[in-house]
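In terms of this note's numbering, the sequence shown has 83 at position 83, counting the first letter as 1, and numbering is strictly consecutive. Even for Gly, the Cβ is constructed at its ideal location relative to N, Cα and C. Down below is the structure, laid out as structure tokens.
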Amino acid sequence: MYAEFAATLIQTRQHFAPKRLHEPGPSEAQVQAMFRAAAAAPDHRCILPWRFIVVSRASRAALGKVFAAALRARDPTASEIQLSEARNKADWAPFLALAIVREGGDEEPDVPAQERLISLGCAIQNMLLSAHAEGLGSGLVSGQSLQAPHVRQFFNLGECERAVCFVAVGTVQKPRPIRQRPDPATFVTQV
Ligand SMILES: Cc1cc2nc3c(=O)[nH]c(=O)nc-3n(C[C@H](O)[C@H](O)[C@H](O)COP(=O)(O)O)c2cc1C
1 MYAEFAATLI
11 QTRQHFAPKR
21 LHEPGPSEAQ
31 VQAMFRAAAA
41 APDHRCILPW
51 RFIVVSRASR
61 AALGKVFAAA
71 LRARDPTASE
81 IQLSEARNKA
91 DWAPFLALAI
101 VREGGDEEPD
111 VPAQERLISL
121 GCAIQNMLLS
131 AHAEGLGSGL
141 VSGQSLQAPH
151 VRQFFNLGEC
161 ERAVCFVAVG
171 TVQKPRPIRQ
181 RPDPATFVTQ
191 V
């Protein structure tokens with residue numbers, strides 16, 4: 001019933017680096033649609049093992065300082081240019097949200113970390129497809145600084161929580177070709 005629509009939506013989604021995502025960002029209604037899409041992810045035992053923190057425009061400068069501090073701690077020899085680049089990363093993309101998985105520490109210890117992470121992955125993909133369906137571009141960004149104590153503190157992460165990646169959404173000004181997808185024959189076998 002939805003096969004053609006779903007195939008087109010899925011096959012035409014592509015990653016854009018956050019710095020290639022410009023204003024206008026998603027409207028409030030589009031953001032809500034993205035999070036409703038996330039909520040439709042498969043979730044073993046329905047434990048909601050993930051959450052998102054939206055980084056508002058007002059918080060971008062503070063996040064930039066945190067990125068720079070994390071870089072300085074990781075590499076005390078980082079140059080001013082590198083520190084400034086790290087700071088600028090927080091400014092990219094009109095919509096930026098941190099995706100966080102809860103790996104345990106709740107009443108469902110039987111749901112392993114890998115299932116929780118898969119659920120988050122599905123939630124993120126639903127968000128990306130929701131943004132794409134609205135004609136917006138999107139991208140994911142991770143990197144070493146995500147695990148830095150500075151970043152964990154900034155987002156007030158719990159002991160059992162792990163930052164997985166940022167979800168960035170905005171308007172694409174320069175389209176680019178969609179990458180060649182791997183042939184299913186390269187990743188499917190049969191027994
Ligand atoms: C969890 C996760 C983290 C990612 N982090 C980055 C990143 O830090 N930098 C980056 O360029 N791409 C990142 N990507 C996006 C991939 O580079 C991108 O999906 C890949 O190149 C395939 O392109 P496509 O999504 O257009 O098919 C990430 C993807 C995932 C799933």
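Report task. Would you check if the distance between the CB atom of residue 151 and the CB atom of residue 168 is smaller than 8 Å? Result -> Along the sequence shown, one-based indexing puts residue 151 at 151. Along the sequence shown, one-based indexing puts residue 168 at 168. Contact: no.
Query - Residue interval of the alpha helix (DSSP H) (run including residue 244) - result: Beyond the ends of the chain as shown, which are 1 and 191, falls residue 244; an answer cannot be given.
Query raised in the report: So, using beta-carbon positions, are residue 16 and residue 139 closer together than 8 Å?
Result: Here the question's residue 16 lines up with position 16 in the sequence shown. Here the question's residue 139 lines up with position 139 in the sequence shown. Yes, the pair counts as a contact, with Cβ atoms nearer than the cut-off.
Requested in this report: Can you tell me the Cβ-Cβ gap for residue 124 and residue 99, rounded? I've got them flagged as a contact below 8 Å.
Outcome: Position 124 of the sequence shown holds residue 124. Position 99 of the sequence shown holds residue 99. Here residue 124 really is in contact with residue 99; their C-beta atoms are around 6 Å apart, less than 8 Å.
Requested in this report: Pull up the CB-CB distance for residue 186 and residue 136, whole angstroms please, since I reckon it's below 8 Å.
Outcome: Position 186 of the sequence shown, counting from 1, holds the residue named residue 186. Position 136 of the sequence shown, counting from 1, holds the residue named residue 136. Not really, about 30 Å apart at Cβ, beyond 8 Å.
Query raised in the report: Looking at C-alpha atoms only, which residue of 77, 66, 59 and 129 is the closest neighbour of residue 7?
Result: Indexing the sequence shown from 1 puts residue 7 at position 7. Measuring from the Cα of residue 7, the nearest candidate turns out to be 129.
**Report entry** 3-residue-minimum beta strand (DSSP E) runs that sit fully inside the stretch 18–75, ordered along the chain
**Finding:** 50–54
Requested in this report: Check the DSSP bridge columns for residue 100 and list the partner residues they point to.
Outcome: Indexing the sequence shown from 1 puts residue 100 at position 100. Paired residues: 51 and 163.
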